[in-house]
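Undergrad:
Numbering (the numbering used here), first residue to last: 49 to 1042.
(1) Touching or not, the region 938 to 946 and the region 838 to 854, by the rule of three or more beta carbon pairs under 8 Å?
(2) Helix, strand or coil for residue 1 per DSSP?
(3) Taking residue 567 as part of the beta strand (DSSP E), name the residues at either end of that continuous run.
(4) Just list the beta strand (DSSP E) runs in the region 238 to 301, keeping only unbroken ones of 3 residues or longer that don't cross its boundaries, in chain order.
(5) Do you know whose CA, among 434, 364, 413, 373, lies nearest residue 354's CA?
(6) Which residues in the same chain as residue 157 place their Cβ atom closer than 6 Å to its Cβ, once the five residues preceding and following it in sequence are excluded?
(7) Would you be able to state if there are at least three C-beta pairs under 8 Å between the region 613 to 628 and the region 553 to 561?
(8) Round the Cβ separation of residue 295 and residue 359 to the nearest angstrom and send it over; I've been treating them as touching at under 8 Å.
(9) Just to confirm before moving on: does the CB-CB distance between residue 877 and residue 575 stay below 8 Å?
(10) Which runs of the alpha helix (DSSP H) spanning at least 4 residues fall entirely within the region 852 to 920, listed in chain order?
(11) What is the DSSP secondary structure of residue 768, counted as helix, strand or coil?
(12) Note down, one range per segment and in chain order, each alpha helix (DSSP H) of at least 4 residues found wholly within the region 581 to 659.
(13) When the Cα atoms are used, what is the spatial distance from residue 82 to residue 982?
(14) Mind checking residue 701: buried by the 16 CB within 10 Å criterion, or exposed?
(15) Kindly list the residues whose CB is nearer than 8 Å to the CB of residue 440, restricted to its own chain and excluding five residues on each side of it in sequence; keep chain order.
(16) Could you tell me the boundaries of the alpha helix (DSSP H) in which residue 1049 lies?
(17) Who are the near neighbours of residue 245 in its chain, counting only those whose CB is closer than 8 Å to its CB and skipping five residues on each side?
(18) Where does residue 362 sit, in a helix, a strand or coil, going by DSSP?
(19) Report, in whole angstroms, the separation of the C-beta atoms of residue 226 and residue 279, which I expect to be a contact under 8 Å.
(20) Counting C-beta neighbours from all protein chains within 10 Å, is the total for residue 610 16 or more, i.e. buried, or is it exposed?
(21) Pull up the distance between the alpha-carbon of residue 503 and that of residue 419, whole angstroms please.
(22) When you compare the region 857 to 866 with the region 722 to 732, are there three or more beta-carbon pairs, one atom per stretch, that lie closer than 8 Å?
(23) For residue 1027, which of helix, strand or coil comes out of DSSP?
(24) Pop quiz: residue 641 and residue 868 are said to be a contact at Cβ under 8 Å. What is the actual Cβ separation, rounded to whole angstroms?
(25) Measuring straight from C-alpha to C-alpha, what distance separates residue 1028 and residue 689?
(26) Could you pull the start and end residues of the alpha helix (DSSP H) that residue 962 belongs to?
(27) To the nearest angstrom, report how far apart residue 474 and residue 417 are at their CA atoms.
(28) Near residue 190, what residues of its chain come up, given a Cβ to Cβ distance below 8 Å and the 5 sequence neighbours on each side ignored?
(29) Just verifying my parser: in three-state terms, what is the DSSP assignment at residue 356?
(30) How is residue 684 classed by DSSP in three states: helix, strand or coil?
(31) In chain order, what residues of the same chain have a beta carbon less than 7 Å from the beta carbon of residue 276, not counting five sequence neighbours either side?
(32) Would you decide whether residue 755 is buried or exposed? Buried here means 16 or more other CB atoms lie within 10 Å of its CB.
(33) Kindly indicate which residue of 661, 602, 644 has the alpha-carbon position closest to the one of residue 998.
(34) Mapping DSSP to helix, strand and coil, what is residue 83?
(35) So, residue 324 versus residue 248, is the Cβ gap smaller than 8 Å?
(36) Check residue 1110 in the structure and name its three-state DSSP category.
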């Protein structure tokens, strides 16, 4: 269906109203144009941003940095770093002001003051006040202009429960003071009443996620319980004060749970009859029309109207990027015309149901507002039932024109500290300077016909275009989107099914047959060690020798199997894993105590390894051709022989699968010896590989004691490749033993070893602390710090050290510790009693050499250790140097960035590292000097994705190429070169010769 409104009954009226509003809002344009050359610096910055895309990006990045920098010298220095970039073409005035040699010089101070003041002025344009007193002054001015208001509280992201409680209390205080002030306000009929009904003078807008720091759709019930209590408190107080409350909509991931919580709560007897409450719909979402229909149906059932604020949406870039990175369907329309068309569809839907809905049409587009008015007037919608809304500082003239025509206009007024409000400011600046912005197009004097043209687009096609992702190169599979209720239900059902299978026996697989063993070991649930996940049969040395013979016998045929056939088996294995995704996740959760989301991500990684290595082997199979006239030259690869894979327990499916399928697709026969504590999951991997079509003897599952069977296989003369992930101690021993030539051995063994790290994150004084604290907490305490990539040191520059530690401690306190099957859990158990006791010993050492900033209690029924944070840790201390592999974090204070780099590099490891910084020179220095295999800048340091972030380190972190990278398979292959002279009796085929 092509959405077109031109021929509808409303179009003529829409055009008539729009032209009137537009003319009224443009009256002073010619005078302003004459003053363009005398504009203030804040106007100049906006003007330059609109005309220069490169400057726009760098300017907004610089503005984003301002909250973290305090001195004029720092501001000047960052101005030069961002705006002096060679890629940016500077206007003459800006080039002149940046022409200083030293950030401490007087010209630099002047430049910093000029631009700093301009940005502050810009912020004041869009932020209605820094405190309640200023806000009251703003809203009193708005009321004089016959405009109503709604107040939104800006501030730092809510990442701690202390901040969540503070958010509620600040809103209660805000409502109290606004209502107190409102007692002195004269009644303004245009905005305070309609159709004989009083309208609350005071309205606030709130965000659900700010009421609970761990708000998460995966934990829908837990999030609902925590948030609903705060909402009830807020609504009760609002009723006492006769204030209205409106609930904003945020990112797409929170949409469904937000609607679910509000619908349930507003049907409670206490709140069912309230009509002074509102919700928000974002028209840029593809499913927003259906959401509107669902809410209208629900309101009919409820029996009392509520306000629905219709907006276009403020997170388009963020939603688009997240969906592309996650390989999820795009939740937003790719085309702005589709959003505009959808906005008009929903506007009509809301107004046609005015007996159930108070419509609040939020837009700065004259056509969109005029469309709403045309429909409302045509349908004789009562004035109480609809209003127009604009953002403070945007569309002021349009708002005034609407007021002058007798419509109720409400201004959305954010308030709070200017600097923490920068994220909001950036969104507004992006909106104002975007090519598709109505306000920008209006400023550019576009023709009226173009500005007011109806949005015409094929909506069926627009809704079908669910992905903007480029399909070039490898594209991995998508993690489960737990924002979808059906996915959460599937996960719960998988746990029920897996629980019924607990305690079964799993035997080794030799030559395609499961074989009995004399020794068994129980694999326990670390969240509840009285629960046996499975009994695993352990191979004997004699059986290990049999397995080697079977592999040796199977190798010639597997070596000759076409690469396409081997690759297709891997693809089939990936398909089977996708089909069993929820079940595999449940096994990971129960056997190794990994939280649900992280277990699901691990299944994705395992599937990606199958698909990526299949593609890579097909690429390598083509070889390289170096032909010259009269001679052919072929560079080709062949498999090495028998590969021994020794996999760890911390990524029991992904790493075991990755190393195994790499060896297999390369043509090697492979024996998989998993860690004892995760042998059930590798038994499930074995089932999948067998079902996918791996021939007998080519892959064998050989669980056994590492010190016995593992050592035997490592030292076996027929072993060609050893792929190991585990501790440095065992890895170094394997490396040494593999170097010894055994009797009858005619080759040197290849060792691929990943042996852990002592990973550090640097946080400098320009960092976004909201982002840094969240990233460090995720990196340090995700899976209880038991990832090779986990952060165990955070190196913080002195100016922000205390503030960072304070927020880090509060954010960590807010984590939920418990059984990992529970969707609310962020921190689960450690793997077993040995690990727990070893970690506790390190904690005692830490107490001797540093200060305990936090030590959280933990449940007793499993192998739990609550997160521990040490502050003032010496850089050469035990807990700053040795790998602990648990939820223990050392926070180290440094004086400057060079010292931070030196401390970061001063360990025996070089696996992962991170940097939180908004200083370009620091980012560049880290890229050059931070000695790690994987460096992550302004994000957490765990969760490497196959092909996108090939994973592996150097120094004592390991030996070999990066897993999931373009040269990983080469380690399982022998390169060969074949040259053939194709001349015969002095002639040879010459390309192009007749």
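The beta carbon of each residue, even a glycine, is placed where N, CA and C say it ideally should be.
TA: Looking at the atomic coordinates:
(1) yes
(2) For residue 1 there is no data in the structure shown, the boundaries of the chain being 49 and 1042.
(3) 567 to 573
(4) 251 to 254, 292 to 295
(5) 434
(6) 120
(7) no
(8) At roughly 13 Å, the Cβ-Cβ gap does not stay under 8 Å, so residue 295 and residue 359 are not in contact.
(9) yes
(10) 881 to 897
(11) strand
(12) 589 to 608, 611 to 627, 629 to 640
(13) Note that residue 82 scores 41 on pLDDT, short of 50, meaning its location in the model is unreliable and no value can be drawn from it.
(14) buried
(15) 174, 175, 176, 186, 459, 460, 461, 462
(16) The chain is shown only over 49 to 1042; residue 1049 falls outside these bounds and no answer can be derived.
(17) 432
(18) coil
(19) Not a contact, Cβ separation roughly 19 Å.
(20) exposed
(21) 11 Å
(22) no
(23) strand
(24) 5 Å
(25) 26 Å
(26) Segment 960 to 964 is the beta strand (DSSP E) holding residue 962; no alpha helix (DSSP H) there.
(27) 24 Å
(28) 196, 197, 459, 461
(29) strand
(30) strand
(31) 309, 313
(32) exposed
(33) 661
(34) Confidence is the limiting factor: at residue 83 the pLDDT is only 43, short of 50, which leaves the residue's position unreliable, though a coordinate-based value still follows. Residue 83: coil per DSSP, three-state reduction.
(35) yes
(36) Because the chain spans 49 through 1042 in this model, residue 1110 falls outside it and cannot be assessed.
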